[in-house]
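What follows is a short report on a single structure.
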Amino acid sequence: MRSTINQLIQLQELTLIRDEQRSIRGPAADTSALNASIDAMAESLVPAAKTIYARLSKKDHIVTAQMIDGKCSMCGMRIAISQVQAVKLCRELVTCPSCARVLYDADGARWVAARPKRSAGEPKVGVARFSAPELMVPELRAKTAQEAISELARTLQKAGFVDDAKKLVEPALAREETCPTGVGPALAFPHVRGIEGGGLSLALGVSRKGIPWGGADGGVANFVFFSTIPTAVSTFYLRLLAGLADAFSREANRKEILAAKTPEDLWKALVKTTRRTVK
Numbered sequence: 052m053r054s055t056i057n058q059l060i061q062l063q064e065l066t067l068i069r070d071e072q073r074s075i076r077g078p079a080a081d082t083s084a085l086n087a088s089i090d091a092m093a094e095s096l097v098p099a100a101k102t103i104y105a106r107l108s109k110k111d112h113i114v115t116a117q118m119i120d121g122k123c124s125m126c127g128m129r130i131a132i133s134q135v136q137a138v139k140l141c142r143e144l145v146t147c148p149s150c151a152r153v154l155y156d157a158d159g160a161r162w163v164a165a166r167p168k169r170s171a172g173e174p175k176v177g178v179a180r181f182s183a184p185e186l187m188v189p190e191l192r193a194k195t196a197q198e199a200i201s202e203l204a205r206t207l208q209k210a211g212f213v214d215d216a217k218k219l220v221e222p223a224l225a226r227e228e229t230c231p232t233g234v235g236p237a238l239a240f241p242h243v244r245g246i247e248g249g250g251l252s253l254a255l256g257v258s259r260k261g262i263p264w265g266g267a268d269g270g271v272a273n274f275v276f277f278s279t280i281p282t283a284v285s286t287f288y289l290r291l292l293a294g295l296a297d298a299f300s301r302e303a304n305r306k307e308i309l310a311a312k313t314p315e316d317l318w319k320a321l322v323k324t325t326r327r328t329v330k
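Per the numbering used here, residue 52 is the first one in the sequence shown, and the count goes up by one each step.
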């Protein structure tokens with residue numbers, strides 16, 4: 052049954068990847084290959100899983116939910132002890148009695164931070180809600196996408212936002228292999244979904260030389276946004292992607308970000324350049 056749950060998680064991720072492409076590119080997004088993969092994977096599900104997926108996917112693209120401390124990570128419903136054991140044993144599909152999503156138990160990175168410390172005068176709006184100066188890297192040392200992801204993952208761990216940077220790197224690279232996150236002009240949005248137990252976190256790394264990054268637009272990435280995303284905020288993440296892409300489509304904003312020399316300067320520049328596009 053573990054293979055079936057993994058298949059449902061992969062199917063969910065492919066669907067969310069398609070949503071991301073549409074959010075950033077709009078009508079210009081070519082999702083034909085993703086559509087074919089989604090249809091083929093859905094068709095290959097075992098009958099019980101196919102029935103559950105068909106019912107849930109009509110309402111929401113999140114069809115699975117990680118069980119954390121005996122609760123559904125999506126709706127917060129406490130799971131009966133007998134069901135908790137069934138989820139852990141993974142011999143059958145167990146659904147949440149409240150939201151009906153398929154429950155699974157996983158050992159991945161966890162969001163562990165307290166709320167970031169901010170000065171009293173700093174507005175808790177826009178990117179200030181889920182990022183902080185200590186997550187800014189004004190001069191990435193990385194020369195490859197893998198190195199950039201590793202460097203930003205370590206930044207998140209050092210700042211106390213996640214418990215283990217190494218657990219972020221592998222799923223982020225797997226996500227890149229499925230559909231590279233490079234987006235013109237000069238942007239990349241690597242991320243890891245399913246970091247439960249807290250909020251969305253966003254780190255920004257800047258490379259003035261640029262890092263080769265795959266994607267529909269090709270080219271290099273000068274601005275790398277690395278996010279850890281609780282599954283429940285996947286819909287908000289689509290709006291965040293669109294807002295960041297909109298802000299960085301303006302040359303003046305890109306120049307202001309590139310001019311920042313310290314983490315604090317980069318933080319202030321990011322807050323300023325995204326204040327109209329990230330709500």
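We put the CB at the ideal spot given by N, CA and C, even for glycine.
Here Gln136 is exposed, its C-beta having fewer than 16 other C-beta atoms within 10 Å. The straight-line gap separating the alpha-carbon atoms of Lys194 and Ser133 is approximately 50 Å.
Across the structure, Val114 and Val145 are spaced so that their CA atoms are roughly 12 Å apart.
Restricting attention to Asn57, Leu85, Arg76 and Ile60, the CA atom closest to the CA of Thr229 is found in Leu85. Separation of Val234 and Leu62 (C-alpha to C-alpha, rounded to the nearest whole angstrom) is 23 Å.
Leaving aside the five residues that flank Leu207 on each side, the residues in its chain whose CB is nearer than 8 Å to its CB run, in chain order, Leu186, Val213, Ala216, Leu219, Ser252, Ala254, Phe277 and Thr279. The three-state secondary structure of Thr102, taken from DSSP, is helix. If the five residues before and after Lys312 are omitted, its C-beta is found closer than 7 Å to the C-beta atoms of Pro189, all from its own chain and listed in chain order. Taking the CA atoms as reference points, Arg73 sits about 9 Å from Leu289.
A check of alpha carbon separations from Glu315 across Ala293, Ala179 and Phe299 identifies Ala179 as the nearest. In this model, Met92 and Val176 are separated by some 39 Å (Cα to Cα). According to the DSSP secondary-structure assignment, Thr146 is paired through a beta bridge with Val153. With fewer than 16 other beta carbons inside 10 angstroms of its own, Glu221 counts as exposed.
For Trp264, the secondary structure class from DSSP, reduced to helix, strand or coil, is coil. Judged by beta-carbon spacing, Ala100 lies within the 8 Å limit of Thr55, meaning their Cβ atoms are closer than that value.
Secondary structure note for Arg305: it is in no beta strand (DSSP E), and the uninterrupted alpha helix (DSSP H) holding it is Glu302 to Ala310. In this structure, DSSP gives Thr195 a state outside helix and strand, which the three-state scheme calls coil. Taking a 10 Å sphere around the C-beta of Thr282, we find 16 or more other C-beta atoms and assign the residue as buried. Closest in alpha carbon position to Cys150, among Ile130, Leu140, Thr66 and Ile262, is Ile130. Taking C-beta atoms as the reference points, Ile246 and Ala160 count as a pair closer than 8 Å. The Cβ atoms of Leu309 and Val275 do not sit closer than 8 Å to each other.
Burial of Asp70 is indicated by the presence of at least 16 other C-beta atoms within 10 angstroms of its C-beta. Secondary structure of Lys139 (DSSP, three-state): helix.
Collapsing the DSSP output to three states places Leu253 in a strand.
For Ala225, the closest of Gln197, Ala204 and Pro236 by C-alpha to C-alpha distance is Gln197. The straight-line gap separating the alpha-carbon atoms of Ala272 and Glu143 is approximately 43 Å. Comparing alpha-carbon positions, the option among Val284, Arg244 and Lys330 lying closest to Ala298 turns out to be Lys330.
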